[in-house]
Amino acid sequence: MTAPSDQPRATMSLSPATLQGLEARAAAVDESDVTATQADDVDLAITVRDLSAWYGARRVIRDVSMDIRANAITAIIGPSGSGKSTLLRCLDRMHEVVPGARSSGTVSYQGVDIYDPRIEPAAVRRTIGMVFQQPNPFPTMSIYDNVAAPARFNGLVKGKAAQDELVERCLRQAALWDEVKDKLGHGGTSLSGGQQQRLCIARTLALQPKVLLMDEPCSALDPIATLQVEELMSTLKADYTIIIVTHNMQQASRVSDVTAFFNMGEDRAGYLVESDATRTLFTNPKNQLTEDYVSGRFG
Amino acid sequence: MTQSAEVPEPPRLDLGGLRRRGWTGDLTFRAILSTLTLGITVVLGVMMVESFISASPVYQKFGIIGFITGSTWAPSFTVYGAWAFIYGTFLTSLIALVIAVPVSVLIALLLTELAPARLRAPLGIAVDLLAAVPSVVYGLWGLLVLVPAMRPLEQAIAGTLGRVVPFFGPPTPGSSYFAAGVILAVMIVPIVSAVTREVFASTPRLQREAVLALGGTRWDVARTVTLPIGRAGLLAAVVLGLGRAMGETIAVTMVIGNSDNIGKSIFSPGFTLASVIANEFNEATETLHPEALIALGTVLLVMSVLVNGAAIAIRNRFTGGSRSGF
Amino acid sequence: MASDAVVVFAPTSRWRRRKANLFAFLAAFAFVLALIPLVAVFGYIFVNGIHSLLSVDFLIQDPPADLSATGGGVRNALIGTLEMTGLASLIAVPIGLAVAIFAIEVGGGLARGARFLIDVLAGLPSIVVGIFVYASVVVTQGHFSGLAGSLALAIVMLPVVTVSAEEILRLTPRPIAEGARALGLARWRAVLSVFVPIGLSGIVTGILLGVSRAIGETAPLIFTSLGNNFFTLDINQPMQALPLLIYRNALNSGFATARDRAFGAALLLIIIVFGFNLVGRWLTARRRLAGSSR
């Protein structure tokens with residue numbers, strides 16, 4: 000908003016992640032990165048290059064390049080309209096589901112471009128799972144069927160026993176098992192908001208994805224449910240790469256390892272201002288805009 | 000929505016004369032509106048009552064139940080029973096629904112889930128245009144093209160399945176309940192698919208995206224979200240289609256074969272309520288014959304009010320439910 | 000790269016993909032199946048009816064008294080259709096709009112009652128409407144007439160006009176509604192000079208769709224205007240209409256002349272009905288486009 004027009008490019012060059020090419024990543028010895036992470040186990044899950052996205056004629060994100068570390072929680076923060084959700088939706092090809100939506104640039108997962116025409120969107124979404132802002136369990140299905148649904152869509156398990164096992168495992172992982180084990184046949188929408196959201200997380204886990212995208216997963220939840228979901232994320236980190244969009248800076252600082260700050264440019268398209276280790280970004284941001292935002296001066 | 004009528008009067012700053020004129024204008028306006036609304040309500044009410052009065056001699060002679068369940072229709076003996084036509088109405092409507100509902104549901108899914116966004120509107124208009132073709136034109140085509148074209152099919156079914164099940168048996172003169180059902184199917188596809196389309200289009204986006212984000216295909220979207228969530232609306236669409244099929248007149252009259260008796264096979268000629276009225280009315284010279292036809296009209300009136308009322312009730316419950324549900 | 004892609008993103012199993020493809024195929028098939036009658040009817044009527052329509056006599060002459068005789072045209076039916084539909088519109092449009100405005104601006108028991116009746120009417124078979132008018136008007140007057148036919152068509156049009164007008168008027172943005180009132184406009188002025196113009200194209204669409212429905216109706220006319228082999232402008236006389244003429248000639252389609260007359264009249268009728276229908280839709284589509292580009 001207050002950014003000069005050349006701001007985006009300039010700030011992006013400040014982002015160490017952006018400067019790093021694939022070779023640099025392989026070496027993983029960049030000075031600034033050492034401070035941010037333990038350099039030796041830096042393992043990148045997703046690399047985004049020059050990603051832009053449109054709804055119809057309106058560009059909603061512009062030239063985003065960033066790297067996302069595996070088995071870490073990356074938080075995406077920024078004011079509303081900065082394209083955070085759109086970026087997330089571009090990472091599992093959900094953006095293109097909206098009529099008139101399109102994108103350009105590349106998103107690679109383990110070196111494979113997810114927009115490669117030979118790859119089905121459904122296959123991408125199976126590997127990169129998504130949890131939505133609003134809990135959206137299938138209203139006509141039981142709790143059990145909700146969790147079993149992705150396995151059925153994708154033929155992931157064979158037989159009733161294996162399916163039972165998967166449902167229980169995912170509900171346990173989502174810290175919901177004890178609350179629902181006696182009423183698995185009840186409707187998914189009979190649960191409270193926080194339980195519904197954990198049900199949706201369990202459902203996404205049942206996909207057995209490698210990456211979890213979470214689009215403001217706590218915005219519809221009360222503080223206690225929020226805390227439960229945050230704890231859940233920390234335990235899931237060991238097995239999953241997690242990217243969470245949040246408008247709540249406290250949440251970002253509590254749960255994430257890396258934080259990326261997005262802002263809305265003068266052309267009303269969102270862009271990446273900077274991304275860094277969460278502690279660094281919150282205590283010692285390189286960009287004035289970031290500092291203003293994290294200190295609550297705007298947004 | 001009706002709140003526009005409850006907007007509090009704004010303070011009026013204009014002068015007395017203008018104010019008075021505005022006020023009398025409003026009164027006049029309101030009086031005109033009320034008169035027209037009341038007038039049309041009364042006129043329509045009177046017309047309905049007149050119809051029942053015209054039919055009353057028949058009801059008096061045979062009794063309401065007797066008239067409805069009577070299976071003999073013999074004007075030359077002054078015997079009138081509606082059952083054969085009620086049967087024909089339901090049979091042809093049922094055939095129409097069996098054909099039209101799956102087709103309409105698939106079209107609705109095509110236009111809400113599958114077709115590229117920018118093709119949806121034009122494809123939808125093409126289906127809507129089916130409803131714009133006048134009934135008599137369908138009848139003309141049905142009589143001269145469809146009926147002869149379907150005869151080999153009817154003969155094939157009657158010759159095989161019909162040997163075992165008399166309901167599908169011969170003879171197959173061409174004009175029949177079945178032919179009427181097929182032409183009705185064509186005519187109700189637009190209404191059933193339009194309502195279904197509206198229902199499917201109101202599927203919450205989040206639900207649809209949940210399936211896709213879980214690696215589901217468009218078919219998974221349809222079977223896990225669109226169809227189950229829309230089932231009440233789908234039912235309303237089916238009932239609405241039934242109401243339309245029951246009352247369709249001219250096209251049916253031209254292909255149903257016109258027989259006062261209950262046909263044993265779906266390939267027999269028969270009559271629906273609407274088609275017997277249309278066919279016999281101008282030659283109704285026997286005693287009580289016109290009155291009996293009007294009585295059939297009142298039966299049809301009651302049936303379609305019931306069916307359409309059911310459709311509206313289902314639809315209201317469906318929209319009410321979706322508002323509170325998600 | 001391709002093998003990488005397959006390892007990283009395992010494709011959907013062949014069985015599942017087949018199911019999804021079968022579903023898409025069936026949906027497309029259903030669409031084509033439904034459109035076959037539309038294309039077939041239009042093509043058949045066009046091919047068989049065009050040569051009749053191409054002769055001017057067809058439009059300016061009346062049919063022969065004997066259906067099996069050659070020559071003649073459909074002037075009486077064309078004029079009858081236009082006259083009765085026109086009169087029906089003159090009746091149905093003001094009343095339909097009045098009921099819609101009354102339901103929105105005044106409300107209350109009468110409005111609910113009238114709207115309920117109109118909803119009932121919308122689902123009523125048109126033949127039943129014909130019977131209403133027969134039982135109340137034709138019986139009272141003692142004869143069939145173009146006037147009775149117009150009344151029946153007006154009742155057929157009424158729900159289409161009212162329902163669409165009400166829907167459109169309800170969509171008038173609240174700020175505009177309040178703004179108009181805040182200007183001190185009397186309610187009737189606000190309605191007629193602000194709301195109705197805003198919704199005009201939608202209201203006109205409703206009227207045109209109502210007209211296109213009424214023009215194609217046969218069943219209610221059988222009991223009301225009856226049909227007439229001769230040309231008349233007198234609405235107290237029985238009056239011919241295109242659908243009636245098609246119906247009567249089609250029932251005598253053993254005669255090639257009657258069949259040809261039915262085809263020509265059917266093509267004429269389709270052109271008129273589709274004309275009203277498409278113009279109506281075009282108006283609404285144009286409004287939507289204008290709205291979305293804002």
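Chains as they are written, first to last, in numbering that gives the first Met the number 0: chain A, 0 to 298; chain B, 0 to 325; chain C, 0 to 293.
No residue lacks a Cβ here, since even glycine has one placed at the ideal position from N, Cα and C.
If I follow the unbroken alpha helix (DSSP H) through residue i, where does it start and stop?
i, result
"F143 (chain C)", "Taken as a continuous stretch (DSSP letters only), F143 (chain C) belongs to no alpha helix (DSSP H), as it is neither H nor E."
"Y137 (chain B)", "S134 to W140"
"T159 (chain B)", "Per DSSP, T159 (chain B) belongs to no alpha helix (DSSP H) and is neither H nor E."
"I130 (chain C)", "S125 to V132"
"V92 (chain C)", "R74 to I100"
"M213 (chain A)", "Unbroken run through M213 (chain A) is the beta strand (DSSP E), V210 to D214; no alpha helix (DSSP H)."
"I221 (chain C)", "A218 to I221"
"I142 (chain A)", "I142 to N153"
"H185 (chain A)", "No alpha helix (DSSP H) contains H185 (chain A), which DSSP labels as neither H nor E."
"P222 (chain A)", "P222 to L235"
"G123 (chain B)", "A116 to L129"
"P36 (chain C)", "R13 to L52"
"N248 (chain C)", "L241 to L250"
"F89 (chain B)", "W82 to L108"
I need the straight-line Cα distance from residue i to residue j, nearest angstrom please.
i, j, result
"S192 (chain B)", "T111 (chain B)", "11 Å"
"P237 (chain C)", "T283 (chain C)", "37 Å"
"W218 (chain B)", "A212 (chain B)", "14 Å"
"S53 (chain B)", "I63 (chain B)", "14 Å"
"L81 (chain C)", "V210 (chain C)", "10 Å"
"V301 (chain B)", "V48 (chain B)", "12 Å"
"P56 (chain B)", "N307 (chain B)", "28 Å"
"V190 (chain C)", "L86 (chain C)", "25 Å"
"T27 (chain B)", "I59 (chain C)", "46 Å"
"G69 (chain B)", "A81 (chain B)", "6 Å"
"T34 (chain B)", "A99 (chain C)", "13 Å"
"T282 (chain A)", "L86 (chain A)", "25 Å"
"V210 (chain A)", "W53 (chain A)", "24 Å"
"R179 (chain A)", "I142 (chain A)", "Looking at the sequence shown, residue 179 (chain A) is not Arg but Val. Approximately 8 Å, taken between the alpha carbons."
"R278 (chain A)", "D291 (chain A)", "16 Å"
"V188 (chain B)", "L109 (chain B)", "14 Å"
"S134 (chain B)", "V275 (chain B)", "16 Å"
"M46 (chain B)", "V254 (chain B)", "30 Å"
"A373 (chain B)", "Y176 (chain B)", "Here chain B covers residues 0 to 325 and nothing more, so residue 373 (chain B) does not appear."
"L239 (chain B)", "L299 (chain B)", "15 Å"
"P115 (chain B)", "R125 (chain A)", "23 Å"
Which term fits residue i, buried or exposed, when burial requires 16 or more other beta carbons within 10 angstroms of its beta carbon?
i, result
"N20 (chain C)", "exposed"
"D221 (chain A)", "exposed"
"L182 (chain C)", "exposed"
"G158 (chain A)", "exposed"
"W72 (chain B)", "buried"
"R258 (chain C)", "buried"
"K83 (chain A)", "buried"
"V164 (chain B)", "exposed"
"I223 (chain A)", "exposed"
Report the partner residues of residue i according to the DSSP bridge assignment.
i, result
"E273 (chain A)", "A:F260"
"S51 (chain A)", "A:S103"
"R58 (chain A)", "A:W53"
"R68 (chain A)", "A:L43"
"Y108 (chain A)", "A:I45 and A:V111"
"G269 (chain B)", "B:G256"
"V63 (chain A)", "A:L50"
Which residue comes first and which comes last in the beta strand (DSSP E) that contains residue i?
i, result
"T73 (chain A)", "I72 to I76"
"I241 (chain A)", "T240 to V244"
"G128 (chain A)", "I127 to V130"
Should residue i be counted as a contact of the ligand SAH given a C-beta to heavy atom distance under 8 Å?
i, result
"T217 (chain C)", "With respect to small molecules bound, the structure shown includes none, and the ligand SAH cannot be examined in it."
Okay, do the region 150 to 170 of chain B and the region 244 to 260 of chain B touch, 3+ Cβ pairs below 8 Å being the bar?
-> no
Given 8 Å, three or more beta-carbon pairs between the region 226 to 239 of chain A and the region 258 to 267 of chain A = With a cut-off of 8 Å, the region 258 to 267 of chain A and the region 226 to 239 of chain A do not count as touching, because too few Cβ pairs lie within range.
Any 3 or more C-beta pairs closer than 8 Å across the region 25 to 45 of chain C and the region 197 to 205 of chain C | no
Does the region 163 to 179 of chain C come close enough to the region 252 to 270 of chain C to have 3 or more Cβ pairs within less than 8 Å?
-> No: the two stretches stay apart, fewer than three of their Cβ pairs being nearer than 8 Å.
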